[in-house]
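To start, the structure under review is shown below, and the notes come after it.
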Amino acid sequence: MTPRHYFSIIILFYSLTGCSVINQESAVSNEQQGKSAQSALNREENRSFKIEFEKWQGTPYKYGGNGLNGVDCSAFVQSVFYSSQQIQLPRTTEKQLLLGKKIALSDAKSGDLLFFKTSKKDKHVGIYLGYQQFMHASTSKGVIISRLNNPYWASVFWQARRIR
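150 is the number of the first residue of the sequence shown in our numbering; add one for each residue after it.
See the structure below:
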């Protein structure tokens, strides 16, 4: 086999497995996740987020999407903030990252933005709900609530930002 063939096989391998190496939500069962999500959303400060989450829950992830038939993480955050807080955010994660001020995760409050580095060049954003929970558009499960203490999210957490 020539070096060119080896290179082609390696590229094929990475393209087939790159997005499926880690199951992002495997540490929490669906039932546990549902119960904890409802407890986070039932708190008073999250009333407007609850309304938005119920509207979007289960919407599939679609890169570049911005509607109920498919949405990416930054469009979801943008839409939720506009509908629930009357705050207009930029469309992309990169531009949302420039907003507000960086805060320690231990100081995060409901409505703060959480940013994750999911690869060297890819970033992800979600909305903190309190009690180690955040809502976001997951590439594998669509719009859901996840826990920051999930091993995957804990390993890729990058920063929290307060925009209001």
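By construction, the Cβ of each residue, glycine as well, lies at the ideal position given by its N, Cα and C atoms.
Which listed residue (the options) has its alpha carbon closest to that of residue i
i, options, result
"residue 275", "250, 308 and 269", "308"
"residue 204", "284, 277 and 301", "284"
"residue 211", "299, 296 and 286", "286"
"residue 263", "222, 218 and 196", "222"
"residue 288", "302, 240, 312 and 310", "302"
"residue 195", "294, 207 and 300", "294"
"residue 311", "206, 278 and 267", "278"
"residue 255", "280, 313, 213 and 220", "280"
Three-state class that DSSP yields for residue i in the structure shown
i, result
"residue 196", "helix"
"residue 318", "As shown, the chain starts at 150 and ends at 313. That puts residue 318 outside it, with no answer to give."
"residue 277", "strand"
"residue 301", "helix"
"residue 173", "At residue 173, the pLDDT of 46 sits below 50, so the modelled position is not reliable; the number obtained from the coordinates is stated separately. Coil."
Span separating the alpha-carbon of residue i from that of residue j
i, j, result
"residue 238", "residue 291", "21 Å"
"residue 259", "residue 199", "12 Å"
"residue 296", "residue 306", "11 Å"
"residue 242", "residue 231", "15 Å"
"residue 192", "residue 304", "27 Å"
"residue 271", "residue 197", "29 Å"
"residue 233", "residue 201", "7 Å"
"residue 253", "residue 216", "31 Å"
Identity of the residues DSSP links to residue i by a beta bridge
i, result
"residue 308", "264"
"residue 296", "282"
Continuous alpha helix (DSSP H) assignments of at least 4 residues falling wholly in the region 214 to 272: Within the region 214 to 272, the complete alpha helix (DSSP H) runs of at least 4 residues are 222 to 234 and 242 to 245.
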